[in-house]
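Protein chains in written order, with my numbering: chain A, 1 to 134; chain B, 135 to 417; chain C, 418 to 537.
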Amino acid sequence: MTVRSSGTQPINIEQDVVLARQTARKLATECGMRLIDLTKMVTAVSELARNTMVYGGGGDMDWQILDEDHKVGLRLTFRDEGPGIADIKLAMTDGWTSGSGMGLGLTGAKRLVEEFELDTEPGKGTRITITRWT
Amino acid sequence: MAALQNSTLDAMKNKQAQLLGEWINGLQTSGASRNLKDHDLQQQTSEFLQLIVSGLENDNGNNVNAPGWEETRQFLEKLSHSRAQLGQDSQQTASFIFALKGPLFSLLQNHYREQPALLAEQLWEVSELLDAFGLHTIRTFQKSREAVIKRQQEELLELSTPVVKLWDGVLALPMIGTLDSQRTQVVMESLLQRIVDTGSEIAIIDITGVPTVDTLVAQHLLKTVTAIRLMGADCIISGVRPQIAQTIVHLGLDLQGVVTKANLADALKLALTRLGISLGKAV
Amino acid sequence: MERIPILQMGKFLLVTIQVDMHDQLALTLQDDLSERISTTSARGVLIDISALDMVDSFIGRMISTISGLSKIMDAETMLVGMQPAVAITLVELGLTLPGVSTALNVERGMKLLQERVNRQ
Chain A
1 MTVRSSGTQP INIEQDVVLA RQTARKLATE CGMRLIDLTK MVTAVSELAR
51 NTMVYGGGGD MDWQILDEDH KVGLRLTFRD EGPGIADIKL AMTDGWTSGS
101 GMGLGLTGAK RLVEEFELDT EPGKGTRITI TRWT
Chain B
135 MAALQNSTLD AMKNKQAQLL GEWINGLQTS GASRNLKDHD LQQQTSEFLQ
185 LIVSGLENDN GNNVNAPGWE ETRQFLEKLS HSRAQLGQDS QQTASFIFAL
235 KGPLFSLLQN HYREQPALLA EQLWEVSELL DAFGLHTIRT FQKSREAVIK
285 RQQEELLELS TPVVKLWDGV LALPMIGTLD SQRTQVVMES LLQRIVDTGS
335 EIAIIDITGV PTVDTLVAQH LLKTVTAIRL MGADCIISGV RPQIAQTIVH
385 LGLDLQGVVT KANLADALKL ALTRLGISLG KAV
Chain C
418 MERIPILQMG KFLLVTIQVD MHDQLALTLQ DDLSERISTT SARGVLIDIS
468 ALDMVDSFIG RMISTISGLS KIMDAETMLV GMQPAVAITL VELGLTLPGV
518 STALNVERGM KLLQERVNRQ
């Protein structure tokens with residue numbers, strides 16, 4: 001597996017979430033992703049970028065286009081130095097159904113991608129990596 | 135394992151034209167280059183030889199997975215890919231590399247005429263290297279073909295589930311065979327797209343041809359129905375045999391208000407009623 | 418400040434979302450709509466999302482909120498033109514927008530809204 005290209009951009013203000021979506025769309029198109037997979041990816045990016053901004057206190061989105069055998073993959077990592085997620089189970093539920101508004105809807109985002117990795121600890125920030133292959 | 139001698143490399147560099155000529159000859163005689171244009175063949179053989187020579191010059195050894203051979207690997211991957219597209223089989227593609235052995239061996243035999251021990255050693259080195267590249271090419275070729283097969287399977291899936299227009303505003307999707315995740319996705323997408331394209335308000339999903347309905351299948355169906363409703367159309371499921379109805383009740387599946395009919399005709403009647411269409415006999 | 422325009426068509430309001438909205442723009446639309454419903458005594462709100470190729474949970478919540486708000490003000494919300502890829506993604510996300518009426522396009526949506534208003 002090789003990294004064809006990579007980059008990073010900050011996610012600190014609202015406009016950055018829009019920019020993150022646009023970058024994801026551009027990259028997914030470059031990978032040759034089908035429309036439905038592209039839409040799922042961009043939507044997941046929107047969710048995770050917003051979380052990074054709102055709950056993580058701002059952070060960055062790193063991206064990589066990967067080549068493996070004959071598939072092309074898009075991998076995005078959302079990282080922040082925020083408070084970290086104390087209750088992962090709660091975080092996986094949707095904010096609007098958990099009532100307290102603490103759910104981050106991560107399960108939903110997880111269903112939209114092929115690979116999902118969550119790395120977090122209270123006080124140590126959060127890192128979420130998502131990947132989709134063509 | 136001793137490395138390739140510098141004199142071997144020099145011999146290869148000096149006799150490049152001769153090597154290429156004999157190599158191309160060999161390929162043409164064996165028929166391995168049948169569908170290729172002469173120009174492409176010349177370019178490919180010359181490029182590969184260059185890559186081998188420079189790779190050896192940079193002391194990359196016989197491990198073809200080493201980073202130093204990256205360029206050569208990429209060249210071979212591109213080659214495999216294009217040959218696969220041309221419909222060549224893996225034997226023809228690997229022959230491309232193995233056919234170089236003959237000319238190279240002759241060259242070395244000439245060069246090391248006075249040194250049989252060294253000749254044997256150098257022949258072995260060269261052979262090992264080309265074998266490794268040959269194997270790499272075959273492996274890459276296989277993966278290429280697998281990707282082609284996968285794509286063809288997807289296209290077959292789309293074809294095997296045609297969406298039919300039964301009336302203005304009524305589409306039908308006869309599902310046949312088992313409903314797995316991938317199949318349902320492909321089918322969902324084409325149905326939804328047809329709904330938008332035709333502006334049809336009602337989609338009838340007929341499951342007469344589906345042998346069993348378990349929780350997973352029901353989930354897939356329900357996801358489809360939800361998506362259809364979100365878009366502003368509605369769905370009727372037809373072909374629900376008594377056994378399937380029983381299974382649904384037993385599993386406690388919630389159909390969320392989706393109407394089901396035993397057969398397509400009943401579903402069509404219902405759809406037409408909903409659209410306010412009544413049919414009468416010509417008098 | 419950037420705003421999404423709201424058109425009045427008789428007793429109904431029509432909103433066509435064509436831009437990739439940032440969160441504040443969505444919230445502003447919510448506020449603008451509730452105000453317009455009130456000042457015009459609109460009986461229906463038609464939201465056209467046929468140009469949107471992505472709807473995430475924030476926009477989904479906005480739509481649900483607008484639907485709830487308008488009901489309280491005796492208006493009905495109709496969401497039209499959802500693209501297939503968006504519908505599939507929303508279902509996968511678990512966002513089913515309960516209580517929000519939907520139609521395939523503006524024409525159908527208007528017709529439905531009219532029928533419902535006439536029935537009352």
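Glycine included, C-beta positions come from ideal geometry on N, C-alpha and C.
Under 9 Å by beta carbon: chain B residues contacting residue i
| i | result |
| --- | --- |
| C/Thr-519 | Arg-363, Leu-364, Met-365, Gly-366 and Ala-367 |
| C/Arg-525 | Gly-333, Glu-335 and Gly-366 |
Contacts of residue i in chain A (Cβ-Cβ under 7 Å)
| i | result |
| --- | --- |
| B/Ala-281 | His-70 |
| C/Glu-493 | Per Cβ cutoff of 7 Å: no residues; C/Glu-493 is ~22 Å from chain A at best. |
Residue range of the alpha helix (DSSP H) that includes residue i
| i | result |
| --- | --- |
| B/Trp-157 | 150-164 |
| B/Gly-189 | 172-191 |
| B/Ile-378 | 376-384 |
| B/Lys-403 | 398-408 |
| B/Glu-323 | 315-332 |
| C/Val-432 | No alpha helix (DSSP H) holds C/Val-432; the beta strand (DSSP E) holding it covers 429-433. |
| C/Glu-509 | 501-510 |
| B/Thr-227 | 224-232 |
Where residue i sits in the DSSP three-state scheme
| i | result |
| --- | --- |
| A/Ser-98 | For A/Ser-98, the predicted model reports a pLDDT of 46, less than 50, meaning its position is unreliable; a value from the coordinates is still stated below. Of the three classes helix, strand and coil, the one that applies to A/Ser-98 here is coil, per DSSP. |
| A/Lys-40 | helix |
| B/Val-351 | helix |
| C/Lys-528 | helix |
| A/Gln-9 | strand |
| C/Gly-477 | helix |
| B/Ile-339 | strand |
| B/Val-282 | helix |
| B/Thr-274 | helix |
| C/Arg-536 | helix |
| C/Ser-458 | coil |
| C/Arg-453 | helix |
| B/Lys-299 | strand |
| B/Met-146 | helix |
| A/Met-92 | helix |
| C/Met-495 | strand |
| A/Gly-73 | strand |
| B/Thr-358 | helix |
Residue nearest to residue i in terms of C-alpha spacing, selected from the options
| i | options | result |
| --- | --- | --- |
| A/Leu-74 | A/Gly-58, A/Ala-44, A/Met-92 and A/Asp-87 | A/Ala-44 |
| A/Glu-14 | A/Ile-128, A/Ile-130 and A/Val-54 | A/Val-54 |
| C/Arg-420 | C/Gln-435, C/Lys-428 and C/Phe-429 | C/Gln-435 |
| B/Arg-168 | B/Gln-226, B/Thr-179 and B/Leu-185 | B/Gln-226 |
| B/Ala-254 | B/Phe-267, B/Leu-238, B/Asn-194 and B/Gly-268 | B/Leu-238 |
| B/Ala-151 | B/His-215, B/Glu-181, B/Trp-203 and B/Ser-164 | B/Glu-181 |
| B/Asp-302 | B/Ser-315, B/Ile-329 and B/Glu-280 | B/Ile-329 |
| B/Asp-172 | B/Trp-157, B/Gln-184 and B/Leu-185 | B/Trp-157 |
| A/Asp-37 | B/Gln-222, B/His-384, B/Asn-196 and B/Val-320 | B/Val-320 |
| A/Gly-123 | A/Val-72, A/Leu-104, A/Asp-80 and A/Ala-24 | A/Asp-80 |
| C/Leu-510 | A/Lys-110, A/Gly-84 and A/Ile-85 | A/Lys-110 |
| C/Val-472 | C/Gly-526, C/Arg-525, C/Met-426 and C/Gln-500 | C/Gln-500 |
Partners in chain A for residue i, counting only beta-carbon separations shorter than 9 Å
| i | result |
| --- | --- |
| B/Glu-289 | Neighbours of B/Glu-289 on chain A: none; closest Cβ ~13 Å, over 9 Å. |
| C/Ile-505 | Ile-36, Thr-39 and Lys-40 |
| B/Ser-216 | Those within 9 Å of B/Ser-216 in chain A number zero; the least Cβ separation is about 13 Å. |
Residue i, enclosing beta strand (DSSP E) - first and last residue
| i | result |
| --- | --- |
| B/Ala-306 | 304-310 |
| B/Leu-242 | That residue, B/Leu-242, is in no beta strand (DSSP E); its alpha helix (DSSP H) goes 235-245. |
| C/Ala-520 | 518-520 |
| B/Arg-217 | From DSSP, B/Arg-217 is part of no beta strand (DSSP E) but of the alpha helix (DSSP H) over 204-219. |
| A/Arg-111 | Careful: A/Arg-111 lies outside any beta strand (DSSP E), inside the alpha helix (DSSP H) at 106-111. |
| A/Asp-16 | No beta strand (DSSP E) holds A/Asp-16; the alpha helix (DSSP H) holding it covers 14-31. |
| C/Leu-469 | Here C/Leu-469 belongs to no beta strand (DSSP E), and DSSP marks it neither H nor E. |
| B/Val-393 | 393-395 |
| A/Ile-130 | 126-133 |
| A/Leu-118 | 115-120 |
Neighbouring residues, chain B, relative to residue i (Cβ below 7 Å)
| i | result |
| --- | --- |
| A/Ile-36 | Glu-323 |
8 Å Cβ cut-off: residues of chain B touching residue i
| i | result |
| --- | --- |
| C/Leu-514 | Leu-364 |
| C/Val-497 | Gly-366 |
Amino acids of chain C, ordered along the chain, whose beta-carbon sits closer than 8 Å to that of residue i
| i | result |
| --- | --- |
| B/Val-330 | Gln-500, Pro-501 and Leu-521 |
| B/Leu-326 | Pro-501, Ala-504 and Ile-505 |
| B/Lys-395 | Neighbours of B/Lys-395 on chain C: none; closest Cβ ~23 Å, over 8 Å. |
Proximal residues of chain F, C-beta to C-beta of residue i below 9 Å
| i | result |
| --- | --- |
| B/Thr-360 | The chain inventory of the structure shown lacks chain F, comprising the protein chains A, B and C. |
Neighbour list for residue i in chain A, Cβ cutoff strictly below 8 Å
| i | result |
| --- | --- |
| B/Lys-277 | Asp-69 and His-70 |
Under 7 Å by beta carbon: chain C residues contacting residue i
| i | result |
| --- | --- |
| A/Gln-15 | His-439 |
Chain C residues whose Cβ lies nearer than 9 Å to that of residue i
| i | result |
| --- | --- |
| A/Thr-43 | Met-471, Val-472, Asp-473, Ser-474, Val-503, Thr-506, Leu-507, Glu-509 and Leu-510 |
| A/Arg-132 | Residues of chain C passing the Cβ test: none, with the nearest at roughly 13 Å. |
| B/Lys-357 | Ile-505, Val-508 and Glu-509 |
| A/Glu-81 | By Cβ distance, chain C contributes nothing, its closest Cβ being about 22 Å from A/Glu-81, past 9 Å. |
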